[in-house]
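Residue numbers (the numbering used here), protein chains in the order written: chain A, 73 to 364; chain B, 10 to 459.
Heads up, the beta-carbon is just placed ideally off N, CA and C, and yes, glycines get one too.
Treat the numbers as computed from the prediction; the structure is a model and nothing was measured.
Have a look at the structure below, then the notes.
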């Protein structure tokens, strides 16, 4: 544990200091009535990196996520994506600009087939309107074919074989539903992918596969990924930078190595575990079930 | 050699359903037995060879030919044709509402508003109501033959009035939809219900509502409709309404129902076409996604406002279309027709048949039109004959539909002929509920912004 202070104090230099951030927030705050859920968070996702947000239950991670995707409007502060201000923008517009997400509790369109789910994901990439849908001219037919083919490709890419494509999404296994959600997000050709606890409910083997998969996404598609995750194994292995939230404020950020050894993080988040278990491993945190 | 489907479920469904359809049409609706049997056989083929595309297409064409021939197999003024025309007209309404409620999941309890506006459009443009319209009050007509053409008032061709009604109702549908955009589920029902009532009230009091009172537009509108023109005739009703009239054919007569049947059939085919096309399109998928999970749909790039308004507009347009047809068929636009009960009547068709299921909605329309226009009037005579009771069953019709809906909810909540998706939703309710339930807290604070 001698390396504690090697990386300086609580935080490493901001990862995106070179200015090439795909997404950045400035002093973002969200207040629900009297509750300050997220306070003054300034943060960046460098292009082409995997970044994680961690923090104890109720730290405001999902709220923060929802502000990035437009489900919540920040009370104060500014969110910028790809150089454009998206603060308080509509979810569908933000999606169309290239931010796709998955949900902590899988939110598929239950009675649509896997294929249809992924086709909805491409809604923003399609042009057909009311009359096009009714009259179905060749242009619309071609678009439908293209979108269907693309949906199948994405499903195969995440590992759902053809015989599952026409299954109702609700009939798929849990792991397949998680994969389907990612395929649905990917089909919109996002620049930034937000994953809200993608490994929740997965066994260690599946989590490991997902970690690999995220790396593949970054390398093959040049995606930037923001991850909320409780499984520390996954966080430490997958992410290049980590931001730690506690009680709605950012208490640390930096490389996994730096964050793991940051005293404030250990105190706020891993504290008890670290004291009890001097091997320094922090797996136990991953066993907590988040319910915020 | 194509093989028929032989799984137990299909066979059981066909064994129960086809005889039921034959009995219903031939015995209750008084369709000729021969036509009923042919229909039964066609439906049987349709069900058994559902997976075979060429056979399905052939069967569909056969059903279409059957429907075109149907009026010729009956007296031109038979009771059956009277009911059949109503079934078709109400099917148009029900299929329109099916888009709003069945596809997009927006519970609309004010559908009567679009019937009212459609019928009123017919009252405005297909009758002598505006007797001062035109130069010197001699009336105005377009693509209409005598005698209507030479009468005072505005007399436009049926097709033009239908197009006007579609435009008016689609606009009204969006306006009514606007305030519901921030609402969910039950609250949408309450707001739409109120709008249905409001339009009914406006029509009742329309004889006090003069176009000159309308700011800015009042003058120009009066120039067209004549001095002192009113919005509606109030409780008096607008009557008569022009019969449907196409150039080259003589105007429809109220005693020959065959042309009415064919016109209604064309309307139904148009609505069916639109329903089928929309179901498997970008917009249809967006509606279903919206119905399943609004937050997820928005996050996947579906614009909530636009998508919802399009559902309202499309559904409303068909309500208006059927409204024009019914006004011409019934020969009157009467404010007393536009009651809350009408909305429930149409909604009951959709629910009885199966939300979102096109075939189901058609069956729902047939059953409820039969009950409302034949069963109740027929049964009405019985208590008097048998027990010397002075009981008016039509007063009880709401109770009868209420009873029917409750029984449906208990026995077959997914509807008579459920849509594949809904069936699943009902059967595996726990699963679907789970996803929705866990997402609950997040859903509640979702700031659905217009």
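Residue i versus residue j - alpha carbon distance
i	j	result
residue 222(B)	residue 235(B)	14 Å
residue 216(A)	residue 187(A)	12 Å
residue 364(B)	residue 103(B)	10 Å
residue 275(A)	residue 66(B)	49 Å
residue 302(A)	residue 123(B)	52 Å
residue 383(B)	residue 200(A)	44 Å
residue 260(A)	residue 408(B)	50 Å
residue 172(A)	residue 141(A)	8 Å
residue 241(A)	residue 52(B)	30 Å
residue 144(A)	residue 167(A)	14 Å
residue 113(A)	residue 121(A)	19 Å
residue 98(A)	residue 312(B)	27 Å
residue 437(B)	residue 419(B)	With a pLDDT of 49 at residue 437(B), under the threshold of 50, the modelled position of this residue cannot be trusted, and the question is left open.
residue 40(B)	residue 190(A)	46 Å
residue 12(B)	residue 54(B)	11 Å
residue 307(B)	residue 142(B)	49 Å
residue 188(B)	residue 357(B)	24 Å
residue 326(A)	residue 332(A)	9 Å
residue 230(B)	residue 260(B)	29 Å
residue 91(B)	residue 234(A)	51 Å
8 Å Cβ cutoff, residue i in contact with chain A
i	result
residue 180(B)	no
residue 405(B)	no
residue 189(B)	no
residue 437(B)	Only weak support is given to the placement of residue 437(B): the predicted model assigns it a pLDDT of 49, under 50, and the value that follows is read from those uncertain coordinates. Yes, its Cβ sits closer than 8 Å to a Cβ of chain A.
residue 323(B)	yes
residue 420(B)	no
residue 426(B)	no
residue 193(B)	no
residue 74(B)	no
residue 430(B)	yes
residue 319(B)	yes
Residue i vs residue j beta-carbon contact at 8 Å
i	j	result
residue 403(B)	residue 385(B)	yes
residue 287(A)	residue 310(A)	yes
residue 212(B)	residue 98(B)	no
residue 161(B)	residue 140(B)	yes
residue 128(B)	residue 336(B)	yes
residue 359(B)	residue 29(B)	no
residue 159(A)	residue 146(A)	yes
residue 94(B)	residue 266(B)	yes
residue 109(B)	residue 324(B)	yes
residue 56(B)	residue 19(B)	yes
residue 320(B)	residue 115(B)	yes
residue 96(A)	residue 111(A)	no
residue 250(B)	residue 328(B)	no
residue 375(B)	residue 185(B)	no
residue 426(B)	residue 369(B)	yes
residue 265(A)	residue 127(A)	no
residue 80(B)	residue 271(B)	yes
Minimum Cβ-Cβ distance from residue i to chain B less than 8 Å
i	result
residue 193(A)	yes
residue 209(A)	no
residue 168(A)	yes
residue 175(A)	yes
Residue i burial status per 10 Å Cβ neighbour count (16 or more: buried)
i	result
residue 130(B)	buried
residue 244(B)	exposed
residue 352(B)	buried
residue 22(B)	exposed
residue 398(B)	exposed
residue 207(A)	exposed
residue 197(B)	buried
residue 17(B)	exposed
residue 395(B)	exposed
Partners in chain C for residue i, counting only beta-carbon separations shorter than 7 Å
i	result
residue 283(B)	The chain labelled as chain C is not found among the protein chains of the depicted structure, namely A and B.
Along the region 228-262 of chain A, what residues have a CB closer than 7 Å to any CB found in chain B? 240, 242, 256 and 260
Check distances from the C-beta atoms of the region 291-313 of chain B to those of chain A and list, in chain order, the residues that come in under 8 Å. 291, 292, 293, 294, 295, 297, 298, 301, 302, 304, 305, 306, 307, 308, 309, 310, 311, 312 and 313
When Cβ atoms are compared, which residues of the region 180-206 of chain A fall closer than 9 Å to chain B? 180, 181, 182, 183, 184, 188, 189, 191, 192, 193, 194, 195, 196, 197, 198, 199, 200, 201, 202, 204, 205 and 206
Residues within the region 153-165 of chain A neighbouring chain B, beta-carbon criterion of under 9 Å: 160, 162, 163, 164 and 165
Going along the region 260-288 of chain B in order, which residues come within less than 9 Å of chain A, judged by CB to CB distance? 282, 283, 286 and 287
Residues, ordered as in the chain, of the region 129-154 of chain A that lie near chain B by beta-carbon distance below 7 Å: 141, 143, 144 and 145
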